[in-house]
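Quick note: the sequence shown uses full-length UniProt numbering, first residue 1, plus one each step. Just so you know, even glycine gets a beta-carbon here, dropped at the ideal spot from N, CA and C. Quick caveat, the model's predicted, so the values are computed rather than measured. A short worksheet on the structure shown next.
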Amino acid sequence: MIALADCQHLARQLDEHPVAAAQLGFADRILLTKADTVDDARREAVIARVRRINSRAELYQVEHGICPAALWLDLHAFTLSDDLSVSRGLHIVTAHAAATPRFQPFRAVPAPATAVDDAIQAHLLEGGELDLQRIGAFMERCVERHGNDMLRYKGVLAIADQPRRLVVQGIHRVVGFDYGSPWPPGEPRRSQLVIIGRHLPIATLRAEFNAAHGNECAALTVAMSADAEAQDDAR
């Protein structure tokens, strides 16, 4: 999905129309239009707000209305891959370099949860090797209970006794799984799941995700889950 973000009017649109934040949260690629018509401070404020809503989308700064066809065609957005870069950086498309946009990276590691004033949050769940049956049950519960509020999610998971990465990617209740590339020798087998959503009981989800690591932590994580449920209910 591609979203357009008008640098002149985005702040007001986000304040007045919550659906605008949801559209940015869904996007695989975001085009910042009218970027050349605002000053640097205002443009940076727009970029920062967009990044708080969706840190995974490719962000293109369009100047003077230049928008090559390659920016809005052939995204392969729902192709399962084991690329879990949490921030894709900023591409700047100018009138003199439309074919080869410049790239300005953002910081590589975001905070585990990024709050947004538009009720959308990006959450990062991390762990080690997971039990296949447990993580499958966890994902099934997530989709069943919270699918309507899970705008986008993607994970690269380390499965016990499996040499390849398990890739999961979904939008709301549409989810896909596939095995990706093998884990390189010596690389830590870490599991990461990024969820962009709204009003999610993240303490409960984090405890249930932790419970998928295996029997050795089951007692601890069941207790954690009960405490997390109480915290979420209290909210």
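Identify the residues that DSSP records as bridge partners of residue i: which are they?
| i | result |
| --- | --- |
| Pro182 | Arg164 |
| Ala5 | Leu32 |
| Phe177 | Val168 |
| Gln192 | Glu126, Val156 |
| Gly197 | Gln121, Met150 |
Taking the continuous beta strand (DSSP E) assigned at residue i, which residues delimit it?
| i | result |
| --- | --- |
| Asn33 | It should be pointed out that residue 33 corresponds to Thr in this sequence rather than to Asn. Thr33 -> beta strand (DSSP E) spans 29–33. |
Which residue's Cα is closest to the Cα of residue i: the options?
| i | options | result |
| --- | --- | --- |
| Glu144 | Arg152, Arg173, Ala122 | Arg173 |
| Gly197 | Met150, Arg42, Asp28 | Met150 |
| Cys67 | Leu14, Gly186, Ala48, Leu4 | Leu4 |
| Thr37 | Ile120, Glu63, Phe138 | Glu63 |
| Ile53 | Leu32, Gln121, Tyr179 | Gln121 |
| Met1 | Leu14, Leu31, His9 | Leu31 |
| residue 236 | Asp40, Ala22, Asn148, Asn210 | With the chain running from 1 to 235 in the structure shown, residue 236 is simply not present. |
| Gly176 | Glu58, Ala69, Met139, His9 | Met139 |
| Gln61 | Ala35, His9, Pro163, His123 | Ala35 |
| Val46 | Glu16, Phe26, Asp28, His9 | His9 |
| Glu44 | Arg152, Arg29, Ala11, Ala22 | Ala11 |
| Gly186 | Gly155, Arg141, Pro163 | Pro163 |
| Asp161 | Gly147, Gly155, Trp183 | Trp183 |
| Gly136 | Gly65, Asp40, Glu208 | Glu208 |
| Gln192 | Asp39, Gly155, Glu58, Gly65 | Gly155 |
| Arg42 | Gly147, Asp6, Asn148, His146 | Asp6 |
| Gly147 | Ala27, His199, Leu59, Arg29 | His199 |
| Gly25 | Thr33, Glu58, Tyr179, Asp40 | Glu58 |
| Cys142 | Asp40, Ala203, Tyr179 | Ala203 |
So residue i and residue j are supposed to be a Cβ contact under 8 Å. How far apart are they, rounded?
| i | j | result |
| --- | --- | --- |
| Arg56 | Val194 | 7 Å |
| Ser181 | Arg165 | 6 Å |
| Val201 | Ala119 | Note on identity: in this sequence residue 201 is Pro, with Val being the wrong assignment. Not confirmed; about 14 Å, so no contact. |
| Tyr153 | Gly170 | 5 Å |
| His213 | Leu124 | Rounded, the Cβ-Cβ distance is 16 Å, inconsistent with contact. |
| Leu14 | Ala21 | 6 Å |
| Arg189 | Glu126 | Actually they do not touch by this definition, with Cβ atoms about 12 Å apart. |
Output the boundary residues of the alpha helix (DSSP H) element that contains residue i.
| i | result |
| --- | --- |
| Asn54 | Looking at the DSSP string, Asn54 is not in any alpha helix (DSSP H), and its letter there is neither H nor E. |
| Thr204 | 202–211 |
| Asp15 | 10–16 |
Quick check: is the beta carbon of residue i nearer than 9 Å to any beta carbon in chain D?
| i | result |
| --- | --- |
| Pro68 | The chain labelled as chain D is not found in the depicted structure, where only one protein chain is given. |
At 3 residues or longer, what runs of the beta strand (DSSP E) sit wholly inside the stretch 119–148? Whole beta strand (DSSP E) segments, 3+ residues: 120–127.
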